[in-house]
Amino acid sequence: MIPTIDSQFKALIPPLSAEERDQLEHNIMESRIAFGVREMEFCNRDDAMVWIIENQLGRRNIPDA
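Each residue of the sequence shown is one higher than the one before, starting from 1 at the first, in my numbering.
Right under this line is the structure:
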């Protein structure tokens, strides 16, 4: 199954730069880092959007605003 990403949710997360994406891919391949996808349930879309924002704050490419 290929997960689909809601366009409104996707808009909340700036994409990685080409350099960041290359570095991430290199780190995953070099360290053989396993990753998974998990389905989550929220009471409503607003709760899901808050979760997305709160869990992306630690990313370096997200501005303070």
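Glycine residues also receive a C-beta, built at the ideal position from the N, C-alpha and C atoms.
Give me the Cα-Cα distance between GLN56 and LEU24, rounded to the nearest whole angstrom. Taking the sequence shown and counting its residues from 1, one reaches residue 56 at position 56. Taking the sequence shown and counting its residues from 1, one reaches residue 24 at position 24. Rounded to whole angstroms, GLN56 to LEU24 spans 16 Å at the Cα level.
Three-state secondary structure (DSSP) at PHE9? By 1-based counting over the sequence shown, the position of residue 9 is 9. It is helical.
Can you confirm whether TRP51, when its beta carbon is compared against all beta carbons of chain D, has any partner nearer than 7 Å? Of the chains in the structure shown, none is chain D; there is only one protein chain.
Spatial distance of ASN44 from HIS26 (CA atoms): Along the sequence shown, read from residue 1 onward, the residue named residue 44 stands at position 44. Along the sequence shown, read from residue 1 onward, the residue named residue 26 stands at position 26. C-alpha separation (whole angstroms): 36 Å.
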